[in-house]
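Participant: In terms of the working numbering, the sequence shown opens at residue 5 and continues consecutively.
Glycine included, each C-beta is placed from N, C-alpha and C at the ideal position.
All values derive from a computational prediction rather than experimental measurement.
Below you'll find the structure I mean.
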Amino acid sequence: MSVRTALITGASRGIGKACAETLAKAGYRVVLAARTLDKLEELASELRAEGGEAFAVSMDMASHESIAAAFSKAAKEFGRIDILVNNAGITKDGLAVRMKPLDWESVLATNLSGSFYAIQQVLQVMMRERWGRIVNISSVVGEKGNPGQANYVASKAGLIGLTKSLAMEVGSRNITVNAVAPGFIKTDMTHDLSEELQKKMVEATPLRRMGTAEEIAWAVKFLVSEEAAFITGHVLDVNGGIYM
Ligand code: NAP
């Protein structure tokens, strides 16, 4: 079997970076996408120095044009994309009563619409090849809700609906579509939360700690593997038990 190529969005740091490192180490060719190209280039050269194959491309998930351009660059470099990890995501928190339209729209555009447009870029080739893996990074809050995050939660719940519908549409072509729903994970996204909130989240987590980006990446590695060939439309909780 030829080497599979995985494109990971939001690969410049946090969970996306861990996914890129884990998949590269497992022998996949990786395309690293995010807005900040220099960080991606740095990671790509590290992965190449360790014997992996990596290509960095700038992609703004809030722009359909940018997504299309990035996929076309990636295809020129590495050919077809077999695996898509839709990981890029942002938060713009606030109470619904005061939420600005731009904060609603930008979160939905980046987290949900961007993921959908990225999926559209890979579907035809996956259908032709009769093999594909799509993993959408949702969130525990997309399953249970969270006050102050109506925009983010709507985007993450939307990803779960998208995952299930798409799994039904493309299953007959041997393409699996799954979601991973992380709990409270130590990355830049959670770094600035108040100490009090961090403590509260850890106390609410039966395993009594935050998760690591690598722990999410290992779940992604499993879902894209041959061993997970009969799993589709699933939401895999990696959350230390904070929601069951
Ligand atoms: P992070 O450290 O803030 O990293 C976010 C990544 O997304 C960065 O690589 C960022 O790169 C990229 N990104 C942001 N906006 C983008 C855009 N418009 N276009 C392209 N790339 C963009 O976040 P993280 O904690 O690793 O989160 C990764 C995913 O897991 C997100 O979808 C998040 O919602 C989800 N998640 C995280 C947690 C948690 O506790 N950390 C929990 C549940 C779910 P650039 O800024 O360079 O573009």
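Is the closest heavy atom of the ligand NAP to the C-beta of N150 under 7 Å?
Facilitator: No - the ligand NAP has no heavy atom lying nearer than 7 Å to the Cβ of N150.
Participant: Along the chain, where does the beta strand (DSSP E) that runs through S62 open and close?
Facilitator: Where S62 is concerned, the enclosing beta strand (DSSP E) stretches over A58 to S62.
Participant: With distances taken from CA atoms, which of T13, K204 and R177 is nearest A78?
Facilitator: Of T13, K204 and R177, the residue nearest in Cα terms is T13.
Participant: Does the ligand NAP have a heavy atom nearer than 7 Å to the CB of N91?
Facilitator: At least one heavy atom of the ligand NAP is nearer than 7 Å to the Cβ of N91, so yes.
Participant: Name the DSSP beta bridge partners of R33, please?
Facilitator: Looking at the DSSP assignment, R33 forms a beta bridge with T9.
Participant: Here's a check: name, in chain order, each residue in its chain whose Cβ is nearer than 7 Å to the Cβ of L99, leaving out the five neighbours to either side.
Facilitator: Taken in chain order, the residues that qualify are G152.
Participant: Quick check on the DSSP output: what are the complete alpha helix (DSSP H) runs of length 4 or more inside the region 90–144, in order along the chain?
Facilitator: Complete alpha helix (DSSP H) runs here, min 4: 105–111 and 118–133.
Participant: Candidates V242, V61, E25 and A158: which alpha carbon is nearest L41's?
Facilitator: Checking every option, the nearest Cα to that of L41 belongs to V61.
Participant: Consider the C-beta atom of S117 and the heavy atoms of the ligand NAP; say whether any pair is separated by less than 7 Å.
Facilitator: S117: no, Cβ never under 7 Å from the ligand NAP.
Participant: Can you find a heavy atom of the ligand NAP that lies under 7 Å from the Cβ of K96?
Facilitator: Not under cutoff, so the answer is no.
Participant: State buried or exposed for A171, treating a residue as buried only when at least 16 other CB atoms are found within 10 Å of its CB.
Facilitator: A171 is buried by the Cβ-count criterion.
Participant: What is the rounded straight-line gap between the Cα of W135 and the Cα of V181?
Facilitator: Each residue's alpha carbon lies about 11 Å from the other.
Participant: Identify, in the order they occur along the chain, each residue of the same chain with its Cβ nearer than 7 Å to the Cβ of G245, setting aside the five sequence neighbours on each side.
Facilitator: Excluding positions up to five away in sequence, the list reads T209, P210 and L211.
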